[in-house]
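Enquirer: Sequential numbering of the sequence shown, starting at 1, is according to UniProt numbering.
I have a structure here, written as structure tokens, and I will follow up with some questions on it.
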Amino acid sequence: MPKIIDHDERRSHIVDVTWDLITQGGIEAATMREIAAAAGFANGALKLYFPSKEDIIQATYERALGMMREYVELDELRGLTALRELCVSSMPIDEDRIAAGRVLLTFWQLSLTNPKLQDKYLEHIRSWRGLLHRYLTEGREDGEIVTETPDEQLVDEVVLINAGANVMSLVAGEFSTIALQRQHLESFFARLTRP
Numbered sequence: 001m002p003k004i005i006d007h008d009e010r011r012s013h014i015v016d017v018t019w020d021l022i023t024q025g026g027i028e029a030a031t032m033r034e035i036a037a038a039a040g041f042a043n044g045a046l047k048l049y050f051p052s053k054e055d056i057i058q059a060t061y062e063r064a065l066g067m068m069r070e071y072v073e074l075d076e077l078r079g080l081t082a083l084r085e086l087c088v089s090s091m092p093i094d095e096d097r098i099a100a101g102r103v104l105l106t107f108w109q110l111s112l113t114n115p116k117l118q119d120k121y122l123e124h125i126r127s128w129r130g131l132l133h134r135y136l137t138e139g140r141e142d143g144e145i146v147t148e149t150p151d152e153q154l155v156d157e158v159v160l161i162n163a164g165a166n167v168m169s170l171v172a173g174e175f176s177t178i179a180l181q182r183q184h185l186e187s188f189f190a191r192l193t194r195p
């Protein structure tokens, strides 16, 4: 009887291997040859599961986003509380999130020259910005957020704080400690509650 192959399990294993290669050695370490070797496949066998390296990187990036979503429990939250939860959960405040940030940085690098990957990232950013706007609106409706700073500017600040924290945690961790990241967020949230 022929062996039954679980293709989803194999795809997940390839993503696991790619994740490890990227977090340990950057995108340069995640060549198709290295991915195949670490996954226990012949080089050409990867194409059975992913048509290209771009597709493997995209799946790895989606894994990073999925991890971030797992940290957030927004179902029952709204307004300022939901905004805080969303902001804190996407910061590199532990080893798993720092590793996810490394994968994200790799994806950013590749998306500079790859329109398909760039579109994928822009889709994520638009969705994230939409949530930020929603929670700011709810916070204003509930009387929790009273700042006169326009919501668009506040959303820009959150995105820049997050992106900066992720990059700095990887390239200059001493200037982006977890304590410092929390301090920046607390300063941001304190401004929201003042006119």
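In this text, a Cβ means the ideal position worked out from N, Cα and C, and glycines have one as well.
Since this is a predicted model, take the numbers as computed values, not measurements.
What is the rounded straight-line gap between the Cα of L46 and the Cα of P195?
Expert: When rounded, the distance between both Cα atoms is 56 Å.
Enquirer: Since L185 and G139 should fall inside the 8 Å C-beta cutoff, what is the C-beta to C-beta distance between them, to a whole number of angstroms?
Expert: With a Cβ gap of about 15 Å, L185 and G139 do not count as contacting.
Enquirer: Quick one: Cα of R182 to Cα of V88, how far?
Expert: Those two C-alpha atoms are separated by around 8 Å.
Enquirer: Taking its Cβ as the centre, do 16 or more other Cβ atoms sit within 10 Å of V17, making it buried, or is it exposed?
Expert: Buried, because 16 or more other Cβ atoms sit within 10 Å of the Cβ of V17.
Enquirer: Please classify N43: is it buried, with 16 or more other beta-carbons within 10 angstroms of its beta-carbon, or exposed?
Expert: Looking at its Cβ environment, which holds fewer than 16 other Cβ atoms inside 10 Å, N43 is exposed.
Enquirer: Indicate the three-state DSSP secondary structure (helix, strand or coil) for A190 in the structure shown.
Expert: A190 falls in the helix class under three-state DSSP.
Enquirer: Are there 16 or more other CB atoms within 10 angstroms of the CB of residue 204, so buried, or fewer, so exposed?
Expert: Look at the range of the chain in this structure, 1 to 195, and you will see that residue 204 is not part of it.
Enquirer: Please specify which runs of the alpha helix (DSSP H), each continuous and at least 4 residues long, are wholly inside the segment 59-144, giving them in chain order.
Expert: Counting whole runs of 4 or more residues, the segment 59-144 contains the alpha helix (DSSP H) stretches 79-89, 95-111 and 115-141.
Enquirer: How is M1 classed by DSSP in three states: helix, strand or coil?
Expert: A caution first: M1 carries a pLDDT of 48, below 50, which makes its placement in the model too unreliable to give a value.
Enquirer: As an exercise, report each continuous alpha helix (DSSP H) stretch of at least 4 residues that is fully enclosed by the UniProt domain "HTH tetR-type" (8-68), in chain order.
Expert: With a minimum length of 4 residues, the continuous alpha helix (DSSP H) runs that stay inside the UniProt domain "HTH tetR-type" (8-68) are 32-39.
Enquirer: Do T106 and I161 come within 9 Å of each other at the CB atom, strictly closer than that value?
Expert: Their beta carbons are not under 9 Å apart, which means I161 does not touch T106 by this criterion.
Enquirer: Quick check on the DSSP output: the alpha helix (DSSP H) that includes G164 runs from which residue to which?
Expert: G164 -> alpha helix (DSSP H) spans D151 to V171.
Enquirer: Can you give me the C-alpha to C-alpha distance between F188 and Y71, rounded to a whole angstrom?
Expert: Looking at the two C-alpha atoms, the distance is approximately 21 Å.
Enquirer: Taking V155 as the reference, give the member of W19, R78, L83 and A64 with the closest Cα.
Expert: Of the candidates W19, R78, L83 and A64, the one whose C-alpha sits nearest the C-alpha of V155 is L83.
Enquirer: Helix, strand or coil for E174? Go by DSSP, reduced to three states.
Expert: Reduced to three states, the DSSP call for E174 is helix.
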